[in-house]
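Undergrad: These protein sequences, in sequence, are chains A and B.
Under our numbering, the residues of the first sequence are numbered 2 to 83, in order.
Under our numbering, the residues of the second sequence are numbered 2 to 83, in order.
Number of protein chains: 2
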Amino acid sequence: PDWKIEDENGQLRLVRTYEFSNFKKALAFTQKIGDKAEEEGHHPSLLTEWGKVTVIWWTHAINGLHENDFIMAAKTDQIAGD
Amino acid sequence: PDWKIEDENGQLRLVRTYEFSNFKKALAFTQKIGDKAEEEGHHPSLLTEWGKVTVIWWTHAINGLHENDFIMAAKTDQIAGD
């Protein structure tokens with residue numbers, strides 16, 4: 002429910018922001034999601050800020066959303082312990 | 002020369018994008034800059050994407066740029082090997 006579909010100049014993306022109590026925890030989450038992305042061969046954009054990380058999934062090849070993006074969003078939630 | 006000052010709703014920020022040959026190298030750079038930020042007690046926003054990382058420095062307390070942001074920008078360049 003916390004994922005939103007955003008339209009970036011006609012390109013649809015799945016976006017969710019996770020909150021943390023400091024920068025270090027946010028950075029550790031970015032690393033975990035990045036490692037998972039490498040493992041799966043599908044890469045998000047990750048905005049790391051003090052106390053939060055915004056994860057953005059979309060599929061370059063189709064310039065929009067594919068089933069795999071929703072699967073990766075669910076895996077991101079699993080890693081977040083959500 | 003590659004740092005730009007951007008105005009985000011009246012808040013000035015120092016912004017630079019570094020390019021890499023893949024996602025993994027971009028993520029490793031994000032981790033290095035994040036570790037340095039923890040060490041220095043001054044935290045940027047880091048946007049990690051496939052093949053690039055955008056680093057954004059500014060000072061929350063003054064809602065703008067402080068000398069320390071320029072020092073951190075120079076340290077970011079050193080870590081990037083620039």
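Every residue gets a Cβ at the ideal spot worked out from N, C-alpha and C, and that includes glycine.
Can you give me the start and stop residues for the alpha helix (DSSP H) that Leu-28 of chain B sits inside?
TA: Leu-28 of chain B -> alpha helix (DSSP H) spans 24-41.
Undergrad: Less than 6 Å between C-beta atoms, sequence neighbours within five positions excluded: which residues of the same chain meet that for Ala-81 of chain A?
TA: Tyr-19.
Undergrad: Are any of the Cβ atoms in chain B nearer than 8 Å to that of Trp-51 of chain A?
TA: Yes, Trp-51 of chain A lies at the interface with chain B (some Cβ there is under 8 Å from its Cβ).
Undergrad: Mind checking whether Leu-15 of chain A and Phe-71 of chain A have CB atoms under 8 Å apart?
TA: Yes; because the gap between Cβ atoms is below 8 Å, this pair is in contact.
Undergrad: Count the other C-beta atoms from every protein chain shown that fall within 10 angstroms of the C-beta of Gly-1 of chain A, then say buried if there are 16 or more, exposed otherwise.
TA: No information on residue 1 of chain A is available, as it lies outside the stretch 2 to 83 that chain A covers here.
Undergrad: Could you give the DSSP three-state label for Asp-3 of chain B: helix, strand or coil?
TA: The answer is coil: DSSP assigns Asp-3 of chain B none of H, G, I, E or B.
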